[in-house]
Every structure is written in C-alpha cells, then in structure tokens.
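Worksheet for the structure shown next.
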Amino acid sequence: MIELPDSYQAYLEGKSERVVQTIRPVLMQSAADRLHGVRISYNPGPTGHQAHLDENLPFGTIVEDID
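Throughout, the numbering used here is defined as the position within the sequence shown, counted from one, plus 3.
The following block contains the structure:
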C-alpha cells in the first residue's frame, strides 16, 4: 500500500469528502512515483478543485492556486 507523506495527509485533514475524493488520486500518484509535487487549483464555480502533478515542485510539496 502506498503511504502518503505527512504533508499530504495534513493537507487532506479537515477537507470535505468531495475535495478529498478529487485530490487524493493525484496525491497517491505523486506518492507512488516520489518524483514531483502537486499543484491544486480552485476554480470558482462548478468545476471546483483540480489537482495535477507539477514537475517544478519537489515530492511532498503542495501548492494551491486560484484559476
């Protein structure tokens, strides 16, 4: 089983179930390859949160942006 780093687990704490379900797969992908961090964008409106691996971020790092 893939373990999320503490920084990812801390980020998920207190988030709604919908946000966790949206972001967790990307965090798991990052934890599996251990190469890149994750950029999370928030788009006001129906799309909400989106996450993707960011090769400019070191593994274990999460950066939030507003799109």
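A virtual CB, placed ideally from N, CA and C, is assigned to each residue, including glycine.
Requested in this report: With a 10 Å radius around its C-beta and 16 neighbouring C-beta atoms as the bar for buried, classify residue 13 as buried or exposed.
Outcome: exposed
Query raised in the report: Is the distance from the Cβ of residue 34 to the Cβ of residue 8 below 8 Å?
Result: yes
Query raised in the report: What does a CB cutoff of less than 7 Å around residue 62 pick up in its chain, not counting 5 residues either side in sequence?
Result: Cβ within range, chain order: 33, 37, 38, 39, 40.
Query raised in the report: So residue 45 packs on residue 20, CB below 8 Å; how close in whole Å?
Result: Actually they are not in contact, since the Cβ atoms of residue 45 and residue 20 sit about 17 Å apart, beyond 8 Å.
**Report entry** residue 60 vs residue 42 beta-carbon contact at 8 Å
**Finding:** yes
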